[in-house]
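Peer 1:
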Amino acid sequence: MRHGEGTRDPLGYRVFGCCQTTLRRLAALHGQEWANARPDLPGLDPAWQEVLSTQRWDGCMGSGWAVQTSPAQQKSSETLGSCNFALEKACCKNRHDLDCGLQHRCKLRGTMSCSLHSPGAVTPVKDQAVCGSCWSFATTGAMEGALFLKTGVLTPLSQQVLIDCSWGFGNQACDGGEEWRAYEWIKKHGGIASTESYGPYLGQNGYCHYNQSEPAAQLASYVNVEPGSAAALKAALVKHGPVAVNIDASHKSFAFYANGVYEEPRCNETAQLDHAVLAVGYGVLHGKSYWLVKNSWSTYWGNDGYILMAMKDNNCGVATEASFPILA
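Printed below as a string of structure tokens:
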């Protein structure tokens, strides 16, 4: 791993468009028709609900992966809360021990499976809407996880402040950006605001009104994970919490993913990474190793807003460009 002190990702602006092609496709699908398209759908797939509730990431769903006619997923009040879990206080006495919750859970289960949901380091799935702001969601997701592991408090951080304020660092709000630029802005301006203090996500460019005296989290540095190394990404997840990653999300199969381990044969060009997401765990399902990835296309997309992405051959480039923050 190497620290990103004042340096940029050598792979350049691959994510700068933030999956504009897929966003256009999503825009065509996004709206009330999502809720109306499949009224016969029950609540969250029982198999997936079992996965979330038991945190056993193997053998819970059918083999392979599936797409659905519509990204619609009718939600019930019971399943909406299934993505947030409280920290198991029994796993450690020192709440400021960065690794205690993750290490404990992963040791209980061995190294084949690990999820950051259980320690509670992940906020609910959000919706970036028709705005190329995926980079801001990946950045804040990694920061939120690191902040929780440091303080024991899960604080939603503001994507909107990054959209509104980081233009001077090369980001372009709804027209795309990069996580390393967001990290640099956070370092320069003394931290990042919470959603509560800055205001809600707008899904469009806004006026910067950040108050530097009210940071919810401060950043000392950030680390770029060794490109292409699954072992390094696993270690980062276990030791440091959620990791911002960039993927190739340009395929129709991704837009309509429903469940199972997603493996797209055409998804093998690491130069085509165009969407920023958050890696929050890993595991094995029916012999297939995967990354558990949180998207920012609402809970109507994928399986409650999540996707299992194949680890084999670095499919879709999950391990190519990954980074995590080091809090001050």
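All letters in the sequence shown, in the order written, are residues 1 to 328 by UniProt numbering. The C-beta atom is built at its ideal place from N, Cα and C for all residues, glycine as well.
With H, G and I counted as helix, E and B as strand and the rest as coil, what does DSSP make of A35?
Peer 2: Any reading at A35 is ruled out, since the residue's pLDDT is 39, under 50, leaving its predicted position unreliable.
Peer 1: Compute the Euclidean distance between the alpha carbons of A310 and L285, then round it to the nearest angstrom.
Peer 2: A310 and L285: Cα-Cα distance of roughly 10 Å.
Peer 1: Quick test of your reading: V318 and V245, contact by CB under 8 Å. State the CB separation rounded to the nearest angstrom.
Peer 2: Indeed they touch by this definition, with Cβ atoms about 5 Å apart.
Peer 1: Grab me the residues of F324's own chain with a C-beta within less than 6 Å of its C-beta, minus the 5 sequence neighbours each way, in chain order.
Peer 2: If we look at F324 and ignore the five residues flanking it on each side, its Cβ neighbours are A142, V223, A236, H240 and V243.
Peer 1: Do the CB positions of C131 and C174 come within less than 7 Å of each other?
Peer 2: Yes, these two residues count as a Cβ contact at 7 Å.
Peer 1: If we count the other Cβ atoms within 10 Å of its Cβ and call it buried at 16 or more, is D127 buried or exposed?
Peer 2: Answer is buried; the Cβ neighbour count reaches 16.
Peer 1: Taking only the alpha-carbon atoms, compute the straight-line gap between I186 and N171 and give it to the nearest angstrom.
Peer 2: Going by the C-alpha atoms only, they are around 13 Å apart.
Peer 1: Beta-carbon separation of V122 and V280 under 7 Å?
Peer 2: Contact flag set, yes.
Peer 1: Using the Cα positions of I307 and Y210, report the straight-line distance between them to the nearest angstrom.
Peer 2: So the two alpha carbons sit approximately 33 Å from each other.
Peer 1: Among the residues of its own chain, which have a CB less than 6 Å from the CB of I326, if the five just before and after it don't count?
Peer 2: Closer than 6 Å at the Cβ level, and outside the excluded window around I326, lie A220 and S221.
Peer 1: Assign N314 to buried or exposed, taking buried as 16 or more other Cβ atoms, counted over all protein chains shown, within 10 Å of its Cβ.
Peer 2: With 16 or more other Cβ atoms within 10 Å, it is buried.
Peer 1: Just the C-alpha distance for G190 and A146, rounded to the nearest angstrom, thanks.
Peer 2: The alpha-carbon atoms of G190 and A146 are separated by roughly 16 Å.
Peer 1: DSSP on H240, reduced to helix/strand/coil?
Peer 2: Residue state, collapsed to three classes: helix.
Peer 1: May I ask you to report which of helix, strand or coil DSSP gives C208?
Peer 2: Note: C208 maps to coil in three-state DSSP.
Peer 1: Please report the distance separating the alpha-carbon of G206 from that of G287.
Peer 2: The straight-line gap from Cα to Cα measures roughly 46 Å.
Peer 1: Are the CB atoms of L278 and K294 within a distance shorter than 7 Å?
Peer 2: Going by C-beta atoms, K294 is nearer than 7 Å to L278.
Peer 1: For a test of the three-state rule: what should DSSP assign to T54, helix, strand or coil?
Peer 2: A caution first: T54 carries a pLDDT of 39, below 50, which makes its placement in the model unreliable, though a value can still be read off. Three-state result, T54: helix.
Peer 1: Can you tell me which of the three DSSP states F324 falls into?
Peer 2: Note: F324 maps to strand in three-state DSSP.
Peer 1: Determine the burial state of W57: buried for a count of at least 16 other Cβ atoms within 10 Å of its Cβ, exposed for fewer.
Peer 2: The predicted model places W57 with a pLDDT of 30, which falls under 50 and marks its position as unreliable; any figure quoted below should be read in that light. Looking at its Cβ environment, which holds 16 or more other Cβ atoms inside 10 Å, W57 is buried.
Peer 1: Got a sec, what are the start and stop residues for the beta strand (DSSP E) L116 sits in?
Peer 2: Here L116 belongs to no beta strand (DSSP E), and DSSP marks it neither H nor E.
Peer 1: Is W297 near the ligand COA, with its Cβ less than 6 Å from a heavy atom?
Peer 2: The ligand COA is absent from the structure shown, which contains no ligand whatsoever.
Peer 1: What did DSSP end up calling S298 once you bin it into helix, strand or coil?
Peer 2: The answer is coil: DSSP assigns S298 none of H, G, I, E or B.
Peer 1: Out of curiosity, what's the CA-to-CA distance linking C134 and A217?
Peer 2: In a straight line, the C-alpha of C134 is about 20 Å away from that of A217.
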